[in-house]
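So the protein lines, in turn, are chains S and G.
Take the first sequence: its position 168, counted from the start at 1, is 168 in the UniProt record's numbering, and no numbers get skipped.
Take the second sequence: its position 70, counted from the start at 1, is 70 in the UniProt record's numbering, and no numbers get skipped.
Glycine included, every Cβ here is placed at the ideal spot set by N, Cα and C.
The structure displayed is predicted, hence computed values, not measured ones.
Notes to accompany the following structure.
Protein chains: 2
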Amino acid sequence: MYSQINKNISRYVSFDQQELEIFNSLLEFKSVPKKTMLLQGGEMCNFEAFVVKGCVRKYYIDANGFEVILQFAIENAWVSDISFSIYEDKPSRVFIETLEDCEFFMFSPESKEKLFSKAPQFERAFRILMQRSLAVTQDRLFHTISKTATDKYTEFLLQYPALPQRVAQHYIASYLGISAEFLSKIRNKIAKY
Amino acid sequence: MYSQINKNISRYVSFDQQELEIFNSLLEFKSVPKKTMLLQGGEMCNFEAFVVKGCVRKYYIDANGFEVILQFAIENAWVSDISFSIYEDKPSRVFIETLEDCEFFMFSPESKEKLFSKAPQFERAFRILMQRSLAVTQDRLFHTISKTATDKYTEFLLQYPALPQRVAQHYIASYLGISAEFLSKIRNKIAKY
DNA sequence: CGCTTGCATTGAACTAGGACAAGAAATCAA
DNA sequence: TTGATTTCTTGTCCTAGTTCAATGCAAGCG
């Protein structure tokens, strides 16, 4: 049951059996139906969720109600809103919603503190995870600015080949920063070859 | 001399005098003229630089030679390419260049390791710094996708009121993801009120 | 001092992508 | 099964922003 998450956390730092057991004892397993909100804009985010099974989207809403998907998290990914909510007291404008029936391990800030005091090695592992998210987000920013919509979509397909079968197309459009209609036209054009 | 950087690192975690001295002893002070490359695309980035004085830009170049500025770092900011270079062995496509005469504290991965082993509290401080960079980058991604060019520019002015006097306008355009000409037109329009 | 080189501005022509509308297809609820 | 709701497609028109000049301006350099 814990093998997925243990493999994930051991990716850049190795832990012995005992350390992993401490870690696992601090996780809360949670099964959630599709279309459930894990976080509502304005709430404080008091978890980091590891996706065991299923798919969620994390999105912002701006002042005019315009929605932008920041992240799809599928199996073996982490999702949370670390932005300003855990360490500062500002509420976030971020929403997190399941798109399929999901299974998670929920990890709370309090558990995190406990973990770091009992097994400080984990601080390092979480720092590296954070670093990787930053790298991914920077890359995404670069692509968003410099590529055409068609390029962005074809690269998206390479990166997440299974997602178009799993999530609605207009969500993908929102992730890419283009309109749903235009994505449809792009697909149409691509299909002709 | 060390007060700026000590204040910066103590922002979310507090350290005693002794810990700060260990930290300071591991930094290398460096004075660099303007237009110097700190990192050339393809090189491994083996530092994190804290800007004591001056201004640098960090940018990507894509396959067609198109340049995008990811970050301006001015006084009291950190700049580095953590993306894939320090912990994985892929070279980065990131460039870092000084735009003014600069003073830095350079912090190497080896020093970082030493610091964390001597004073593990710092691991936490660096994790939080990382977290803040991620939050800032996510916000920037969101704005890039959802705002008009004019909005982006006026918000940029609020966030970095001093920068337009310090850096060339076409760099700001590149940061905002718009053409230099269009930024000029936006400024012209704004000036009319 | 003049010369070159880079930077900002402006205008005209062009295009990638958006907004709107309406129909077709698919999914869901009961 | 059927109606209802959501999703996807397609067409038309429209606009924010680009590209490509051309021009003026300021700065660094010999």
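Q165(S) is positioned such that its CB atom lies no closer than 8 Å to that of V13(S). If you look at Y153(G), you'll find it in the alpha helix (DSSP H) that goes 149 to 159. Residues of chain G with a Cβ closer than 8 Å to the Cβ of I186(S) do not exist, since the nearest Cβ in that chain sits about 17 Å away. The three-state reading of DSSP puts T144(S) in helix, counting H, G and I together. If one requires a minimum length of 3 residues, the beta strand (DSSP E) runs lying completely within the UniProt domain "Cyclic nucleotide-binding" (30 to 117) of chain G are 37 to 39, 48 to 53, 56 to 61, 67 to 73, 94 to 98, 102 to 107, in chain order.
Q71(G) has its alpha-carbon roughly 11 Å from the corresponding atom of F95(G).
Boundaries for L27(G): no alpha helix (DSSP H) harbours it, and the DSSP string shows neither H nor E there.
By the Cβ criterion, the segment 10 to 28 of chain S is in contact with the segment 97 to 114 of chain S, since at least three pairs of Cβ atoms, one from each stretch, lie closer than 8 Å. Proximity of T137(S) to chain G, defined by a Cβ-Cβ separation below 8 Å, is satisfied.
With respect to chain S, the C-beta atom of S83(G) has a partner C-beta closer than 8 Å.
In the DSSP assignment, K7(G) falls within the unbroken alpha helix (DSSP H) covering 3 to 9.
Annotation for F182(G): the continuous alpha helix (DSSP H) segment containing it runs 180 to 191. Comparing alpha-carbon positions, the option among V56(G), A49(G), I82(G) lying closest to A135(S) turns out to be I82(G).
The DSSP-derived three-state label of D139(S) is helix. The beta carbon of Y171(G) sits closer than 7 Å to the beta carbons of R57, I69 from its chain, once the five residues preceding and following it are set aside; these are given in chain order. Any Cβ of chain G closer than 8 Å to the Cβ of D16(S) would place that residue at the interface, and such an atom is absent.
Any Cβ of chain S closer than 8 Å to the Cβ of I190(G) would place that residue at the interface, and such an atom is absent. Here the segment 145 to 160 of chain G does not lie against the segment 45 to 61 of chain G, with fewer than 3 beta-carbon pairs under 8 Å apart. At a cut-off of 8 Å between C-beta atoms, F107(G) does not count as an interface residue with respect to chain S. Within its own chain, the residues whose Cβ lies closer than 7 Å to the Cβ of Y153(G), once the five positions on either side in sequence are excluded, are L176, L183, I186, listed in chain order. When the five nearest sequence neighbours on each side are left out, the beta carbons in the same chain lying within less than 6 Å of the beta carbon of L38(S) are those of I96, in order along the chain. Per the coordinates, the alpha-carbon of N8(G) lies some 11 Å from the alpha-carbon of F126(G).
For A173(G), the secondary structure class from DSSP, reduced to helix, strand or coil, is helix.
In this structure, N188(G) keeps its C-beta atom at 8 Å or more from the C-beta atom of P109(G). By the CB criterion at 8 Å, V51(S) and A73(S) fall inside the cutoff.
With respect to chain G, the C-beta atom of S146(S) has a partner C-beta closer than 8 Å.
Of all residues in the segment 107 to 124 of chain G, only P120, E123, R124 place a beta-carbon less than 7 Å from a beta-carbon of chain S. Contact check for A191(S) and A180(S): beta-carbon distance about 17 Å, past the 8 Å limit, so the pair fails to qualify. Among the residues facing chain S, Y171(G) is not included, as its CB has no counterpart in that chain under 8 Å away. The continuous stretches of alpha helix (DSSP H) do not include P120(G), and DSSP gives it neither H nor E.
Assigned with DSSP and collapsed to three states, S133(G) falls in helix.
Taking the beta carbon of G65(G) as reference, no residue of chain S falls within 7 Å; the closest one sits roughly 11 Å away. Residue-level contact by beta carbon holds for S133(S) and chain G, with a gap shorter than 8 Å. The Cβ-Cβ distance between T137(S) and T137(G) falls below 8 Å. Rounded to the nearest angstrom, the gap between the Cα atoms of S117(S) and C55(G) is 38 Å. For V68(G), the chain S residues whose Cβ falls inside 7 Å of its Cβ are F142, I145, S146, in order along the chain.
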